[in-house]
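Per the UniProt record's numbering, the sequence shown starts with residue 1, numbered consecutively.
Notes follow the structure.
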Amino acid sequence: MVLGMSLTFWNPNSVFAGFDDDFFAPIEPSAFQGFPPALTRFKDDTMRHSSPRYEVTENDKQFRLAVELPGVKEDNMKVELENEGRLLHLTFNKKEKTETSFKEFKFEKRFTLGKNLDTSKLTAHLNDGVLVLTAPKKEKLPPTTQEIPILRGDAPALMDE
């Protein structure tokens, strides 16, 4: 059984915080009538798809994130865990030579991961331009109960750092 999962991008400075991907859906060209051409350039399809595409899948045992990175070599990318394994930070750059100049593409994205993943076992594999990150889910332990004894007397002092 494959379950869908919502994945959010983390950007503390984003003015778009809280909007989902539907907010950034392509805009109909008719909406740009009357605007100067310089301001309507972003309606071009190449601009809308400038970020790599990704797919998130999971089941009861594993989480998987696949990111399309055509032409990017593994030594030009970095995958890191931040915030105690809750944030996946993906960066890469790619340089292309044109007839008259060089183009450089840089990409940086952070994905918030669920608490139920064992991120200490996160793996990354690059094959045919697709980076696949997988992590097993933590084993669900049955709920436990522990009785705490109550002692008479003063509580210990707060420890110094």
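The beta-carbon is built from N, C-alpha and C at its ideal position, and this holds for glycine as well.
Beta-carbon spacing of residue i, residue j below 9 Å
i           : j          : result
residue 95  : residue 84 : no
residue 113 : residue 87 : yes
residue 59  : residue 72 : no
Where the beta strand (DSSP E) through residue i begins and ends
i           : result
residue 67  : 62–68
residue 109 : 102–112
Residues of its chain near residue i, where Cβ-Cβ distance is below 6 Å and the 5 sequence neighbours each way are ignored
i           : result
residue 116 : 137 and 138
residue 82  : 89
residue 76  : 92 and 93
residue 106 : 93
Close Cβ partners of residue i (< 8 Å) along its chain, the five nearest in sequence each way excluded
i           : result
residue 130 : 66, 67, 68 and 69
residue 62  : 134, 135, 136 and 137
For residue i: DSSP bridge partner residues
i           : result
residue 127 : 130
residue 55  : 66
residue 77  : 92
residue 151 : Answer is none; residue 151 lacks a bridge partner.
residue 136 : 62
residue 117 : 137
7 Å Cβ shell around residue i - same chain, five flanking residues per side excluded
i           : result
residue 119 : 81, 85, 113 and 135
Separation of residue j from residue i, as counted between CA atoms
i           : j           : result
residue 147 : residue 154 : 20 Å
residue 159 : residue 91  : 41 Å
residue 110 : residue 101 : 30 Å
residue 121 : residue 157 : 39 Å
heavy atom of the ligand GDP below 8 Å from residue i C-beta
i           : result
residue 161 : The ligand GDP is absent from the structure shown, which contains no ligand whatsoever.
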